[in-house]
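K.L.:
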Amino acid sequence: AVLRSTMIADPLHILDCSPLTDGSATVVLAPAETARKYTDTPIYIKASAQASDTISLHDRADITTLAATTSAASRAYKMAGMTPSDIDFVEVHDCFTIAEICAIEDLGFFEKGTGGKVTEEGLTAIDSDLPVNPSGGLKACGHPVGATGIKQVVEIAQQLRGEAGKRQVAGEVGMAHNVGGSGGTAVVHILTR
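In this text, residue positions in the sequence shown follow our numbering: the first is 1311, and each later residue adds one.
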């Protein structure tokens, strides 16, 4: 279906592009002791890191890597005392098909240049060792821009609580990765039960 859809800019077809949508999402942040008063399944923030880079694509050394993502991921892993192998599932900013491929490399899950191949081989599928975008990502859910990052955090919380229904994956540690401004800004959250 993707390859038969309307070409937008070769090689991207319209189904390679996330639709911009309206939407909202909400999370309630509270100290752990307070959260436990209101829920039996609190979710804990192990790390939350943001990084920036130039917004100008022509000023970047490599347009297949978002320095903001690699920097935010490095900070988040350090903050959480974790490595990519500790992450059980991830929601990445897949505004375009290629963005997911680049993100799984930039976040350290796969070597540079292998993201497309591992995706084709099913190593990021919902039933794999590292499910990527069990929600379906931005291309399936839509991209509500200002609400996208929190919507990803809501998905991670639902997964960790076992409330994700047919898209439920196993895991104790989830990651959310969001990007803004052509990759000029990236945020990485690591959440646990």
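The C-beta atom is built at its ideal place from N, Cα and C for all residues, glycine as well.
#1: Out of curiosity, what's the CA-to-CA distance linking Leu1501 and Arg1385?
#2: Going by other Cβ atoms of all chains shown within 10 Å of its Cβ, with 16 needed for buried, is Glu1415 buried or exposed?
#3: Measure from the alpha carbon of Ala1359 to the alpha carbon of each residue in Met1389, Asp1320, Gly1447, then state which is nearest.
#4: Got a sec, what are the start and stop residues for the alpha helix (DSSP H) Gln1468 sits in?
#5: Around the Cβ of His1368, are there at least 16 other Cβ atoms within 10 angstroms (buried) or fewer (exposed)?
#6: Considering only their Cβ atoms, is the gap separating Ala1486 from Leu1376 smaller than 9 angstroms?
#7: List the endpoints of the continuous alpha helix (DSSP H) containing Leu1448.
#8: In terms of DSSP beta bridges, what is Leu1330 paired with?
#9: Can you tell me where the beta strand (DSSP E) with Ile1408 in it begins and where it stops?
#10: From what residue to what residue does the alpha helix (DSSP H) around Lys1388 run?
P.N.:
Concretely, from the data shown:
#1: 14 angstroms
#2: buried
#3: Met1389
#4: 1458-1471
#5: exposed
#6: no
#7: 1447-1451
#8: His1453
#9: That residue, Ile1408, is in no beta strand (DSSP E); its alpha helix (DSSP H) goes 1407-1416.
#10: 1377-1390
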